[in-house]
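In the numbering used here, the protein residues as written are -13 to 65.
These notes concern the structure reproduced below.
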């Protein structure tokens, strides 16, 4: 499964809103980790794009606050 913003441009595309909506309607049936995979890894895999992160880079991602555009950092350390 993939998650994206294909809404025929009725509203400006916003992945954070899409993630929030899926979390809300799934009522716990879909966990956040799976939603993140659906919105990052799976589209690249299906489009046959390179989807690996070099081993020497710290894995993580940055989400920007919608109003202030200040980064909210979420990282997962892999041992």
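Yeah, the Cβ is synthetic: ideal placement off N, Cα and C, and Gly gets one too.
Relative to the C-alpha of residue i, which residue among the options is closest?
i	options	result
residue -8	35, 25, 10, 31	25
residue 2	54, 50, 56	50
Less than 6 Å between C-beta atoms, sequence neighbours within five positions excluded: which residues of the same chain meet that for residue i?
i	result
residue 29	-12
residue 23	none
Please work out which residues of its chain come closer than 8 Å, Cβ to Cβ, to residue i, disregarding the five sequence neighbours upstream and downstream, and give them in chain order.
i	result
residue 9	16, 18, 21
residue 58	48, 49, 50, 51
residue 56	50
residue 4	-11, -10, -9, 25
From what residue to what residue does the alpha helix (DSSP H) around residue i run?
i	result
residue 32	27 to 32
residue 10	1 to 12
Considering only DSSP beta bridges, list what residue i is partnered with.
i	result
residue 57	50
Using C-beta distances below 7 Å, list every residue in its chain close to residue i, excluding the 5 sequence neighbours before and after it, in chain order.
i	result
residue 0	-9
residue -4	none
Does the CB of residue i have a neighbour CB from chain B at under 7 Å?
i	result
residue -11	The structure shown contains no chain B; it holds only a single protein chain.
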